[in-house]
Amino acid sequence: RPVIAIVGRPNVGKSTIFNRIIGDKLAIVEDKPGVTRDRLYGRGEWLDQEFSIIDTGGIEIEGEDHILRSVRVQAELAIEEADVIIFMVDAKAGVTPADSEVAQILFRSQKPVVVAVNKVDNLQRADDIYEFYSMGFGEIVGISGAHGTGIGDLLEEVVKHFPDTVDEEYGEDVIRVALIGRPNVGKSSLVNAILGEERVIVSDMAGTTRDAIDTPFEKDGQKYVIIDTAGMRKRGKVYENTEKYSVMRAMKAIERADVVLVVIDGEVGIIEQDKHVAGYAHEAGKAAVFVVNKWDVVEKDEKTMHQFEQKIRDHFLFMTYAPVVFLSAKTKQRLHKLLPVVNTVSEAHAMRIPTHVLNDVVSDAVAINPPPTDKGRRMRINYATQVAVKPPTIIFFVNDPELMHFSYQRYLDNKIRAAFGFEGTPLRLFTRRKS
Ligand code: GDP
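When we follow UniProt numbering, the leftmost residue of the sequence shown carries the number 3, and every step to the right adds one.
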């Protein structure tokens, strides 16, 4: 999934635009030491093109010259992480010294840049944008965050610069697995434990265009590839990535995976950071498994596993579908349980339910518990159909989508899960009008 970054000095309106682009989707906040606020990560789409977007605008450094220094840091971050940069300026303020500074940094990077001139509240008056051509970028779009105008035109320019879609490098029969979790939970140990047991296939699948090193292997006739989150593996004795846990890298790995293993340190327990990235796997519609590692050092009785699982359920309320595996990468205790679960959730993720079978289940569910009336009206479901896999996506055609309430949708979700399993995968349910 391509990455867009928004840069620009404070108060040009970056977060307004960011929020308009991601809509009601979740934004992930990453704390970075030394700065007063955060940067935000989100997902968006335009004309069927999905992308990740970073709002670097939260990065503000205190002290003298703080605006200049803040935008410099933002620009560098954007250059490092993004495929395309939206450079935002303010029509009312004109080209300021800070703008020129950012322009120079971006210019040197040779990354594609689209300039968004914000606060052009009357798009007919396009004169407002001309002076910004002096910064040297050819693509300039006038927008208004306040009115929400011009954003489509902006995204249209931006998506033109996306790299060609990359992710069909592995066949349909290969399960792509990503391991996420903060440093020291044992991700690399787990990868080594899995690979140590299996024959590593040396093939031309390895060595992709990305900065990641993917490792293909095969077990019991099933092909897998471990999507490396670059920095997961140790180079020599040094961690490639000791000081910070890069959310962006984890997000990229998640995008490319079918199954995400959310690795938790059984000894330390669950921490807040685990939640953010797991949430992203959920948002991205990936199959997921919680892996509680270091089970060898946990003092336990017959209740411990159940209690730990309960803690996971309490923390990850939105991912009750994900199974939990307890193991030790170090002693390989219970390691053999992992891949069969990966197979199960991957199958569920790709499962396609025939329309008539789905409709039998939906009719039964409606017969047992009809939709409640709303102002004297009742929703009628004409039929349901699964329109996509990975994740399974179901559309309900109804007389009026407004009548589909959250609680009733959850009821249908539960009934569908009870009938078909769908273990380990999120379901996407949509309601459309058709009478
Ligand atoms: P990563 O940063 O998530 O890749 O974590 P590592 O794989 O580097 O592991 C971090 C530390 O935890 C290392 O000292 C490992 O030896 C240790 N470790 C990993 N897995 C286990 C396990 O199952 N049991 C125990 N006791 N220690 C483990």
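Idealized CB from N, CA, C, for every residue including glycine.
Around ligand 1, the residues whose beta-carbon falls short of 6 Å from at least one of its heavy atoms are G183, P185, N186, V187, G188, K189, S190, S191, M234, N295, K296, D298, V299, S330, A331, K332, given in chain order. Partner residues in the beta bridge of F398, as assigned by DSSP, are A386, T433. The straight-line gap separating the alpha-carbon atoms of W297 and Q312 is approximately 16 Å.
When the five nearest sequence neighbours on each side are left out, the beta carbons in the same chain lying within less than 7 Å of the beta carbon of K339 are those of V327, L329, in order along the chain.
Nearest Cα to F432 within the set A195, F424, V359, P403: P403. In this structure, the alpha-carbon of L79 lies about 15 Å from that of K16. Here E257 is buried: its Cβ has 16 or more other Cβ atoms, across all protein chains shown, within 10 Å.
The C-beta of L156 has 16 or more other C-beta atoms within 10 Å across all chains shown, which makes the residue buried.
Judged by DSSP secondary structure, E52 falls within the beta strand (DSSP E) whose first and last residues are 51-57.
Here V364 carries a helix assignment [DSSP, helix/strand/coil]. Pairing A77 with V104 gives a Cβ-Cβ distance under 7 Å. Here T357 is exposed: its Cβ has fewer than 16 other Cβ atoms, across all protein chains shown, within 10 Å. In terms of CA proximity to A350, G426 leads the group V86, G426, I418. Within the same chain, Cβ atoms closer than 8 Å to the Cβ of Y410 are found at P373, P374, M381, the five residues on either side in sequence being excluded.
Below 8 Å, too few C-beta pairs join the region 132-140 and the region 6-24 to call them touching: fewer than three. Per DSSP, F424 lies in no alpha helix (DSSP H) and is assigned neither H nor E. One Cα belongs to I383, the other to A289, and the distance between them is close to 28 Å.
Straight-line measurement puts the Cα of A420 at about 11 Å from the Cα of A367. Nearest Cα to A283 within the set F109, P114, G44, R110: G44. Between V116 and E159, the C-beta spacing is below 7 Å. Relative to the Cα of N361, the nearest Cα in the group P393, S348, V400 belongs to V400.
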